[in-house]
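So the sequences go chain by chain: A and B. At position 464 of the first sequence (counting the first as 1) the number is 463 in our numbering, and the numbers step up by one without a gap. At position 136 of the second sequence (counting the first as 1) the number is 277 in our numbering, and the numbers step up by one without a gap. Beta carbons: idealized from backbone N, C-alpha and C, even for Gly. Comments concern the structure below.
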Amino acid sequence: MDFRDYEVGDYFDEVFAAPGQLHGCARLLMETIASLPPGDLLGRQKASERAMLGMGVTFTVYGDEQGTDRTIPFDIVPRTIDGGEWDAVEAGLRQRIRAINRFIDDIYHDQRILADGAVPRWVIETSRGFIPECRGLDPPGGVWNHVTGTDLVRDRSGVFHVLEDNLRVPSGVSYVLLNRLLMKRNFPEVFHRNCVRPIADYPSRLLDTLHRLAPADRAEETPCVAVLTPGVFNSAYFEHAFLARQIGAPLVEGRDLVYDGRYVCMKTTGGLRRIDVIYRRVDSQFLDPETFRTDSVLGCPGLMKAYRAGRIALANAPGTGVADDKVLYAFVPDIVRYYLGEEPLLPNVPTRLCQSPENLEYTLAHLDELVVKPANESGGYGMIVGPKATPGEREAFAVKLRENPRNYISQPTLSLSRAPTIVDGCLEGRHVDLRPFVLHGGDDIYVLPGGLTRVALPKGSLVVNSSQGGGTKDTWVVDCPNGTEARP
Amino acid sequence: MMLSRVADNLFWTARYLERAADTVHLLDISYILDLDRQEGSQPQWEPLAWITGDIGLFRSLYGEATRDNVMHFLVIDDTYANSVSSCLGRARENAKGLREQIPQALWEEINRQWLDGEQFRSEQEFSPTRILRFCRDTHRNHTLILGLVNETMARGSAYHFWQLGTYLERADKISRVLHVKYFHLLPRLSDVGTIVDDAHWEALLQSLHAREDYHRLHGMVAPDKVIEFIVRCPVFSRSILFCLRNAEESLRSLPNLAAQLALSRIERLCARIEETSGAAIIAVGVHEFINQLQIEMNQVGEAITQSIFPPCPAGWSRLPAAEVVQ
Numbered sequence: 000m001d002f003r004d005y006e007v008g009d010y011f012d013e014v015f016a017a018p019g020q021l022h023g024c025a026r027l028l029m030e031t032i033a034s035l036p037p038g039d040l041l042g043r044q045k046a047s048e049r050a051m052l053g054m055g056v057t058f059t060v061y062g063d064e065q066g067t068d069r070t071i072p073f074d075i076v077p078r079t080i081d082g083g084e085w086d087a088v089e090a091g092l093r094q095r096i097r098a099i100n101r102f103i104d105d106i107y108h109d110q111r112i113l114a115d116g117a118v119p120r121w122v123i124e125t126s127r128g129f130i131p132e133c134r135g136l137d138p139p140g141g142v143w144n145h146v147t148g149t150d151l152v153r154d155r156s157g158v159f160h161v162l163e164d165n166l167r168v169p170s171g172v173s174y175v176l177l178n179r180l181l182m183k184r185n186f187p188e189v190f191h192r193n194c195v196r197p198i199a200d201y202p203s204r205l206l207d208t209l210h211r212l213a214p215a216d217r218a219e220e221t222p223c224v225a226v227l228t229p230g231v232f233n234s235a236y237f238e239h240a241f242l243a244r245q246i247g248a249p250l251v252e253g254r255d256l257v258y259d260g261r262y263v264c265m266k267t268t269g270g271l272r273r274i275d276v277i278y279r280r281v282d283s284q285f286l287d288p289e290t291f292r293t294d295s296v297l298g299c300p301g302l303m304k305a306y307r308a309g310r311i312a313l314a315n316a317p318g319t320g321v322a323d324d325k326v327l328y329a330f331v332p333d334i335v336r337y338y339l340g341e342e343p344l345l346p347n348v349p350t351r352l353c354q355s356p357e358n359l360e361y362t363l364a365h366l367d368e369l370v371v372k373p374a375n376e377s378g379g380y381g382m383i384v385g386p387k388a389t390p391g392e393r394e395a396f397a398v399k400l401r402e403n404p405r406n407y408i409s410q411p412t413l414s415l416s417r418a419p420t421i422v423d424g425c426l427e428g429r430h431v432d433l434r435p436f437v438l439h440g441g442d443d444i445y446v447l448p449g450g451l452t453r454v455a456l457p458k459g460s461l462v463v464n465s466s467q468g469g470g471t472k473d474t475w476v477v478d479c480p481n482g483t484e485a486r487p
Numbered sequence: 142m143m144l145s146r147v148a149d150n151l152f153w154t155a156r157y158l159e160r161a162a163d164t165v166h167l168l169d170i171s172y173i174l175d176l177d178r179q180e181g182s183q184p185q186w187e188p189l190a191w192i193t194g195d196i197g198l199f200r201s202l203y204g205e206a207t208r209d210n211v212m213h214f215l216v217i218d219d220t221y222a223n224s225v226s227s228c229l230g231r232a233r234e235n236a237k238g239l240r241e242q243i244p245q246a247l248w249e250e251i252n253r254q255w256l257d258g259e260q261f262r263s264e265q266e267f268s269p270t271r272i273l274r275f276c277r278d279t280h281r282n283h284t285l286i287l288g289l290v291n292e293t294m295a296r297g298s299a300y301h302f303w304q305l306g307t308y309l310e311r312a313d314k315i316s317r318v319l320h321v322k323y324f325h326l327l328p329r330l331s332d333v334g335t336i337v338d339d340a341h342w343e344a345l346l347q348s349l350h351a352r353e354d355y356h357r358l359h360g361m362v363a364p365d366k367v368i369e370f371i372v373r374c375p376v377f378s379r380s381i382l383f384c385l386r387n388a389e390e391s392l393r394s395l396p397n398l399a400a401q402l403a404l405s406r407i408e409r410l411c412a413r414i415e416e417t418s419g420a421a422i423i424a425v426g427v428h429e430f431i432n433q434l435q436i437e438m439n440q441v442g443e444a445i446t447q448s449i450f451p452p453c454p455a456g457w458s459r460l461p462a463a464e465v466v467q
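The following block contains the structure:
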């Protein structure tokens, strides 16, 4: 396969610094790909897709009549990031996650940041992610957001920006681990020589993070950890089962749980068994119908009683969604300054809150240039990419926007970076983002090197969400761009 | 120790897969034998529908039994809950809920078997040759699945619930085959116990994977010996007794007292079978014997359900933790 016809275009390209010229961290990989016999790369791509289907690596798209199970398209050409560049991103993520955690803890206790005016009170009061029932909760070690998936994008100059913080139940890490598995089969030589940073220890680090949360009276023995899933019909069910297997924890549903008056237990063939830590993949609002949404059957009545009494730990703690709100997002740089007294290392995308009349008018007037997102949705649902929308779609969106301006933010349409992707047997540039996964263990914060690279597969598309037809790539953080026989 | 829901899923996944495998094998053998059928003798297609226990449903859907409609009913009819494709689909749905419990390779095989089935059905070409090829593939896949279970699963609760599902289903299917074939394959009812058509007995043996072992151990076909062989031969891996003994072994290995009831029931059942010779079964009547057998196997099944879901006494959820933590 050759790349002579590859168009870099007016974008930052993850692999090509300029037409025909590679970034250092991609050189070895692309030389290897170039040296493959014709058709070989496509053959590997097909084999990888078959492997995914066979493994049952599937994702559910809601509202799709075609059937609930489909595999996420996987692209065999990885995205490479230079190790030095990545170190700066990691530092920025650590800073951001630490500050956000301090913020959540403050918001559910003294609300100093509101009193001091660094974040306006209305942001919290109108936030759907703010859960009043969580006020006064004291999660172990003061850590709320144990697992975060932060979405990053690169603009035309190649600078990483934070696009979204996902602090509720971020998903995608299973694809990162599986993509890597497939890539190791496909390009073992390059891996070794490039010193690609390993990610295989993520499950054990996750387990360690969860073990640390166990109630003190269980310190003597191995804590009982369970993964809580909404069930097989959830879009990320595959991932829940995958992670449960990786950390050797039972995968439980709400109907498997019972509160016995003191502890949360699971119903087993040997009777009830106490659980110490739940890695929950169910939204806070569904955790306990006695405390939160009364119609929930996904949780366990009484769970929050045990939680308040410190007899069970939850990761993430309930209520973290307050920092997921896209309105709050606009204030994260201020949050970093407020709690840490530092300048943010990772910039936000410039964001306008439609809540202010001035911004609302600006947004309405420039709807054809902007991206407008609802504050409390995820998965790319309910947003509009102005330049790609039809006039009719924009009109309809403007109506919704006027009805509830608080619920929307607008951002300039970014020229997201692109990466070479196999399309119809050739390499073409497609827009990508990056979701690194961060584990907050109290004393230390671990950032998985790289993360999930999502690709917008339709030509020109900027929407990378797998629920909207996006695909994925493996992400390599490369420490030895020139290749070495031994790791340094 | 295992989640009740998971234990239930394991048990039923194994049952559905076994059910599908037994059906395809039966169909395969019946088809081959039908090719040799003599002029004027009874075709064997309707008995196949009888064996499923769903003959009423079959008649309401298809009317008179023919080779093609029986094959369709048993293999690809997804409105029929016990067709091969329905069983594979349900097994796979169940197995989805087991993915953190069973070896990855096992899940992949169950998933692949289902994908193959979907692929086959989507091609919409159901000639007997193709259906038979699908049956053989399914049977081979199932053998692979059982191999994976034996070679890759730790001998813990998951394994034993799986074995329970497999062997109870198999014992049930063997007893149905014996029951139905015994009556349907003999040319006339008055011939029962007198004139023996060797070919029919051979067919019965073959559809239960029993032909070669039978001849090796007993030589020529004799009705009481065949029945005895299928019911209680201790070394033949597809005798009813052999299956029940395996289920008993798994019940004994389950680390919980709730399995006691099922265990005592199956022990009693096995003891009774061991005492009953083939001649005695014929004397009692094969029909009566198997009816009683099925009642008792159902009672074992009910007791297993109780072991999966331990009973909840009133106020159970209020028990202090110390008493319920194990």
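With a 10 Å radius around its C-beta and 16 neighbouring C-beta atoms as the bar for buried, classify residue i as buried or exposed.
i	result
histidine 430 of chain A	buried
leucine 40 of chain A	buried
tyrosine 221 of chain B	buried
isoleucine 106 of chain A	buried
methionine 54 of chain A	buried
glutamine 433 of chain B	exposed
leucine 247 of chain B	buried
alanine 218 of chain A	exposed
isoleucine 474 of chain B	The requested residue 474 of chain B does not occur in the structure, where chain B is confined to residues 142 to 467.
proline 222 of chain A	buried
arginine 160 of chain B	buried
Considering only the alpha carbon of each residue, which of the options lies closest to residue i?
i	options	result
serine 416 of chain A	A:Ile71, A:Phe159, A:Leu28 and A:Val56	A:Phe159
valine 372 of chain B	B:Leu392, B:Leu289, B:Ala412 and B:Leu402	B:Ala412
alanine 213 of chain A	A:Leu250, A:Cys133, A:Cys194 and A:Tyr306	A:Tyr306
histidine 365 of chain A	A:Glu376, A:Leu344, A:Ala388 and A:Pro419	A:Ala388
alanine 403 of chain B	B:Ile431, B:Leu319 and B:Phe302	B:Phe302
threonine 279 of chain B	B:Tyr323, B:Trp248 and B:Ser226	B:Ser226
glutamate 89 of chain A	A:Ala46, A:Gly450 and A:Pro72	A:Gly450
phenylalanine 383 of chain B	B:Ile251, B:His428 and B:Asp313	B:Asp313
serine 414 of chain A	A:Arg3, A:Glu13, A:Val326 and A:Asp4	A:Glu13
leucine 239 of chain B	A:Asp104, A:Ala243 and A:Trp475	A:Ala243
isoleucine 286 of chain B	B:Gln440, B:Ala421 and B:Tyr157	B:Tyr157
Using a Cβ-Cβ distance cut-off of 7 Å, determine whether residue i contacts chain B.
i	result
lysine 399 of chain A	no
lysine 266 of chain A	yes
alanine 489 of chain A	Residue 489 of chain A lies beyond the stretch modelled for chain A, which goes from 0 to 487, so this question has no answer here.
valine 231 of chain A	yes
leucine 345 of chain A	no
Are any of the Cβ atoms in chain A nearer than 7 Å to that of residue i?
i	result
isoleucine 286 of chain B	no
proline 244 of chain B	no
asparagine 150 of chain B	no
leucine 240 of chain B	In the sequence as presented, leucine is not what sits at residue 240 of chain B; that position holds arginine. Yes, arginine 240 of chain B lies at the interface with chain A (some Cβ there is under 7 Å from its Cβ).
serine 405 of chain B	no
tyrosine 157 of chain B	no
arginine 231 of chain B	no
Please check the pair residue i and residue j, which I expect to be a contact at CB under 8 Å, by giving their CB distance rounded to whole angstroms.
i	j	result
alanine 98 of chain A	tyrosine 338 of chain A	5 Å
histidine 239 of chain A	leucine 250 of chain A	6 Å
glycine 230 of chain A	glutamate 252 of chain A	5 Å
isoleucine 334 of chain A	phenylalanine 102 of chain A	5 Å
threonine 452 of chain A	threonine 420 of chain A	No, threonine 452 of chain A and threonine 420 of chain A are not in contact; Cβ-Cβ is about 10 Å, not under 8 Å.
valine 437 of chain A	isoleucine 96 of chain A	5 Å
Meets three-Cβ-pair contact criterion under 8 Å: the stretch 14-28 of chain A and the stretch 70-83 of chain A: yes
The stretch 393-407 of chain A contacting the stretch 349-363 of chain A, beta-carbon criterion three pairs below 8 Å: yes
contact_flag[the stretch 311-326 of chain A, the stretch 270-290 of chain A] where n(CB pairs < 8 Å) is 3 or more: yes
At least three beta-carbon pairs within less than 8 Å, the stretch 345-361 of chain A to the stretch 152-172 of chain A: yes
Three-pair Cβ contact test at 8 Å for the stretch 403-411 of chain A versus the stretch 368-375 of chain A: yes
Cβ contact (3+ pairs, closer than 8 Å) linking the stretch 385-401 of chain B and the stretch 351-363 of chain B: no
Stretch pair the stretch 183-192 of chain A + the stretch 456-470 of chain A: three plus CB contacts closer than 8 Å: no
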